[in-house]
Each structure stands twice: as C-alpha cells, then as structure tokens.
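Residues 2 to 191 (this note's numbering) make up the sequence shown, in order.
Beneath this line is the structure, given in structure tokens, with notes to follow.
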Amino acid sequence: MKNPGINHSQWLTDEDIKKLHKKAQTGSLDAQIELAAIEVEDGHDVEKNLAFLESMAKKENTLALMDLYFIFQSSEEDEEKSLSYLKKAVSLGSPWAMEGLAIRAMVKRKTSDEKDLTEKYFLEEEKWRLAAYEASKTPKNDLTPSGVVLNIVELAALYENKNPKNPLFNLEKAAEWKSKAKEAEKTITR
Numbered sequence: 002m003k004n005p006g007i008n009h010s011q012w013l014t015d016e017d018i019k020k021l022h023k024k025a026q027t028g029s030l031d032a033q034i035e036l037a038a039i040e041v042e043d044g045h046d047v048e049k050n051l052a053f054l055e056s057m058a059k060k061e062n063t064l065a066l067m068d069l070y071f072i073f074q075s076s077e078e079d080e081e082k083s084l085s086y087l088k089k090a091v092s093l094g095s096p097w098a099m100e101g102l103a104i105r106a107m108v109k110r111k112t113s114d115e116k117d118l119t120e121k122y123f124l125e126e127e128k129w130r131l132a133a134y135e136a137s138k139t140p141k142n143d144l145t146p147s148g149v150v151l152n153i154v155e156l157a158a159l160y161e162n163k164n165p166k167n168p169l170f171n172l173e174k175a176a177e178w179k180s181k182a183k184e185a186e187k188t189i190t191r
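Printed below as a string of structure tokens:
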C-alpha cells in the first residue's frame, strides 16, 4: 500500500482527535475504528490497525468498511480490494457507500472524453444518488446531514446537465430536487 486514500488530518483538529481518544476509552466502537484508520494513515502500527479494521469489516461494520475503502482507494494495485469494501457497505444498506458509488460514476462521467461519454454514466450516477437518498431516510443512515444535502444538490445538477448524451435532462425534476435540497438544508445545525 503506497499512500492511504484518507486524510483525517485535513478534517480533524488535535482537539477532535483528543475527543476521539476519550470516546474510545469509554468503549465507543466508532471512535476506536476512526482512531485505527488515523493510525494507518499516520503509518503507526499499520498491520495491527488494519487487522482491527478488517475484523470489524467482517462483522459488517459499515464505518470500518468505508475506512478500508478510503485507505485502499488511492492505490491502483488495491483498486479491486477497495471497491469490494464499498460494495459490501452498499449491500448492508449504507447511504454513504451508495453516495460513494454515485461519486465514482460522476467522476467517470466528468473525466470521459466527449466521444467516450455514454448514457450509462448518467444513469449509473442517478441510480446511486436516488438509492442514497432513499436509504438516508432509514435507520441505517450513515450520511451526515450535509452529505444528504450534497447528494440532493448533485442529483439536481445531473437533471440540469444539458449534455446531449444525458438522457436525464429534465428542468422540472431539477427544480424539484433543488427544492428538496433547500428543505434538507434546514435540518443542518450550524
């Protein structure tokens, strides 16, 4: 493994990490998982922490699966392994993982040469964005409120996309999803 695909240090402050340590000491499994991922990222006890994350993934813990996905996603030789973690999290109903598949489809669409761009990229992205939206309304929701809003905003943008190869272009649907995004945004505490 060359370079972990996650980078907690850009998102977490020292204070955040201290809080994670306190939560982990009180038995929070999520905090223990996040700390293990940070340790892998920092190159500390990599084998031990990966083994812990793998054991949690085998117990169908979606947070561990998603951390493993991010850890391995930037490594070309581990692309298949990375995707297997993401797909396992999807099979467990994780909206976060579904959003991950939507983002992968969006990246394929946006990085394709115009001659290679096909309808399937638009349709695949829509499929996973709609699935993530529906799953975010269930008890299995692991998307943050801002993640839910972003997913809805991207769905609206997909319906607004005027590319002639986009079979989904529909300004009415785009307006509907923009409205849903504004409503969902109200649920975010600032």
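Yeah, the Cβ is synthetic: ideal placement off N, Cα and C, and Gly gets one too.
Residue i - DSSP class collapsed to helix/strand/coil
i: H22; result: helix
i: N152; result: helix
i: E184; result: helix
i: F71; result: helix
i: E61; result: coil
i: D46; result: coil
i: F53; result: helix
i: D31; result: helix
i: I189; result: coil
i: K3; result: Summary for K3: the model assigns pLDDT 40, below 50, so the residue's position carries little reliability, and this model does not support an answer.
Assigned exposure category for residue i - 16 Cβ within 10 Å defines buried
i: N50; result: buried
i: A176; result: exposed
i: D68; result: buried
i: E42; result: buried
i: S83; result: buried
i: G101; result: buried
i: A52; result: exposed
i: I189; result: exposed
Anticipated Cβ contact below 8 Å, residue i with residue j, distance rounded
i: D17; j: L64; result: About 16 Å separates the two Cβ atoms, so there is no contact after all.
i: E126; j: R110; result: 6 Å
i: L151; j: E161; result: Not really, about 15 Å apart at Cβ, beyond 8 Å.
i: L89; j: L54; result: Correcting the residue identity first, residue 89 is Lys in this sequence and not Leu. In fact, because the Cβ distance is near 13 Å, the residues do not count as touching under 8 Å.
i: A103; j: Y86; result: No, A103 and Y86 are not in contact; Cβ-Cβ is about 16 Å, not under 8 Å.
Within-8 Å CB hit, residue i to chain E
i: L159; result: Of the protein chains in the structure, only one exists, and it is not chain E.
Open item on the list: Check whether the stretch 82-100 and the stretch 134-147 are in contact - that is, three or more C-beta pairs closer than 8 Å.
Closed with: yes
- [ ] Let me know the beta strand (DSSP E) ranges lying completely inside the stretch 76-127, each 3 residues or longer, listed in chain order.
- [x] none
- [ ] Would you be able to state if there are at least three C-beta pairs under 8 Å between the stretch 144-152 and the stretch 166-173?
- [x] no
Open item on the list: Pairs of beta-carbons, one from the stretch 177-187 and one from the stretch 152-160, closer than 8 Å: are there three or more?
Closed with: Of all C-beta pairs linking the stretch 177-187 to the stretch 152-160, three or more are shorter than 8 Å, placing the two stretches in contact.
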